[in-house]
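What follows is a short report on a single structure.
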Amino acid sequence: MFDYNFHWRPVMRDLPDLIEAGLLTLQVASLAMILGILIALGLALIRLNMRGPLNWIATTWVEFARNTPALFQLFFFGFGLGAFGLHLSPYAIVLAGLTFNCAGYLAENFRGGFQAIPETQMRAARSLGMTATQAYLRIVIPQVLRIVYHPVTNQMVWAVLMSSLGMLVGFRELSGETQFFASRTFRIFEYFAVTAVIYYVIVKIILGASRLLASRLFRY
Amino acid sequence: MSQPISFFSGFQPSDLLFLAEAAWRTLLISGLAISIGTFFGIIFGWLLYEGRIWASLTLAPVLDIFRSVPLIIQLVLFYNFAPILGLNLDPFASGVVILAIYTAALVANVARGGIEAVGQPMRRAARSLGMSYWQDLRYVALPIGGRAVFPAWVGVALGVMKDSALVSVLGYVELLKASQILITRTQEPFLILSIAGAFYFALSYPISRYAARLEQRWAHA
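Top line first, the protein sequences correspond to chains A and B.
Sequential numbering of the first sequence, starting at 0, is according to numbering that gives the first Met the number 0.
Sequential numbering of the second sequence, starting at 0, is according to numbering that gives the first Met the number 0.
Written out as structure tokens, the structure reads:
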């Protein structure tokens, strides 16, 4: 039943390269999250406060990001835009796809966060003489950030896991690099097993760091 | 010379049927995986809740692995590991197995949350009315807890439906793979991806709206 010889040596030889690719994974996921958070804040505020075409665009963005597969979104940025002569690099495809997806999911989280802040607080802040911007930046957003901290952490984990789809659009992040090595040596199982471990470690590091940060940020 | 440019060059109505069939296969594989996964997920969730030490020491970390490794890696790993064990699985079977385990890992947390949502006082009340442990679980914990986490479960199920697109990596011709095949033939990526996206959207959007409305109604009830 077990007449298969595992060969781990080639994997161990390429391990430094794989870890480096893991850093690229972390980089693209972090960048997508930063952009995603900024866009999601905008989308959430538009959906809550505005009417007309802008609201319509924001709603469409959120619903499409949430109701189609992430891989489909990547293909869309990869091949779909190619129809208009817009050819993105693999890095740009993954970054754009992840940002689009993360922004859509985070926008809903943020919307829930904003709705959880009682409106009276905004009025109280305004009657203390704050401008609307000041009230948002000093009163509302800090509280919203606390509410959405956990969902944002989860989304960061999802972003790392989703970036593995880069393998299918020719991006050499952790998965893409693994596939490249695996197809060179035909040690598919061994390479992907090690990659799975690296992903697991990355996810654990993110969760640990987030917990550490939370204990510092939300002490009182 | 001005030739009329046809938007539909190479794309025929029969291709739409091809995509619809592929959408059916997406539904088939995700429906199967979600059913099996939910069944085991509920059992796992119950085991986690009961908190016997062996469950939290063995089951929890294992489920955690399936939530911390990209699905695509899991699929490739399993597809290449099954032959090592002497199993001969086609892409469909491999996809169902991994998607079901993945679903179970996610549903386990949802189910545990559901049982926790019922609360000890009500459980004790049920027991003091003379219900056995299983009656309490069947007639009190499951209906009330299930209602509390039903929207979350819908979210998981829709997620798995969308993630089933990844089974295309193994060569199973579901919606996304079918659209890739058509793109290769017709060179109309934008049109075909739009149609495929519309299919996914049509499958997912009504259900997610329905769940959101249920959640709202139950929150006010």
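By construction, the Cβ of each residue, glycine as well, lies at the ideal position given by its N, Cα and C atoms.
{"Check": "Cβ pair Leu17 of chain A, Ile197 of chain A closer than 8 Å", "Outcome": "yes"}
{"Check": "Distance between Arg122 of chain B and Thr98 of chain A (C-alpha atoms, nearest Å)", "Outcome": "44 Å"}
{"Check": "Interface partners of Tyr199 of chain A on chain B, CB under 7 Å", "Outcome": "Ile64, Ser67, Val68"}
{"Check": "Start and end residues, alpha helix (DSSP H) containing Met11 of chain A", "Outcome": "8–48"}
{"Check": "Integer-rounded CB distance, given that Val172 of chain B should sit under 8 Å from Ala21 of chain B", "Outcome": "6 Å"}
{"Check": "Cβ-based burial, Lys203 of chain A [other Cβ within 10 Å; buried from 16]", "Outcome": "exposed"}
{"Check": "Pick from B:Gly85, B:Ala99, B:Gly44, B:Ala59 that is closest to Val166 of chain B, judged by C-alpha positions", "Outcome": "B:Ala99"}
{"Check": "Start and end residues, alpha helix (DSSP H) containing His149 of chain A", "Outcome": "140–161"}
{"Check": "Beta carbon of Pro69 of chain B nearer than 8 Å to that of Ser174 of chain A", "Outcome": "yes"}
{"Check": "Residue nearest to Ala151 of chain B in terms of C-alpha spacing, selected from B:Leu181, B:Ala195, B:Leu105, B:Ala164", "Outcome": "B:Leu105"}
{"Check": "Residues of the segment 74–87 of chain B whose Cβ lies closer than 7 Å to any Cβ of chain A, in chain order", "Outcome": "Val75, Leu76, Asn79, Phe80, Ile83, Leu84, Gly85"}
{"Check": "Per-residue contacts from Arg46 of chain A into chain B (C-beta, under 9 Å)", "Outcome": "Those within 9 Å of Arg46 of chain A in chain B number zero; the least Cβ separation is about 14 Å."}
{"Check": "The alpha helix (DSSP H) enclosing Phe78 of chain A, as first and last residue numbers", "Outcome": "Per DSSP, Phe78 of chain A belongs to no alpha helix (DSSP H) and is neither H nor E."}
{"Check": "Inter-residue CB distance, Val155 of chain B and Val109 of chain B (contact presumed, cutoff 8 Å)", "Outcome": "6 Å"}
{"Check": "Under 8 Å from the C-beta of Asn54 of chain A: neighbouring residues of chain B", "Outcome": "Here the premise fails: no neighbours, minimum Cβ distance about 17 Å."}
{"Check": "Span separating the alpha-carbon of Phe217 of chain A from that of Arg122 of chain A", "Outcome": "25 Å"}
{"Check": "Runs of alpha helix (DSSP H) lying entirely within the segment 158–198 of chain B, each at least 4 residues, in chain order", "Outcome": "174–185"}
{"Check": "Interface residues of the segment 104–138 of chain B facing chain A [CB-CB below 9 Å]", "Outcome": "none"}
{"Check": "Euclidean distance between Cα positions of Val151 of chain A and Asn100 of chain A", "Outcome": "13 Å"}
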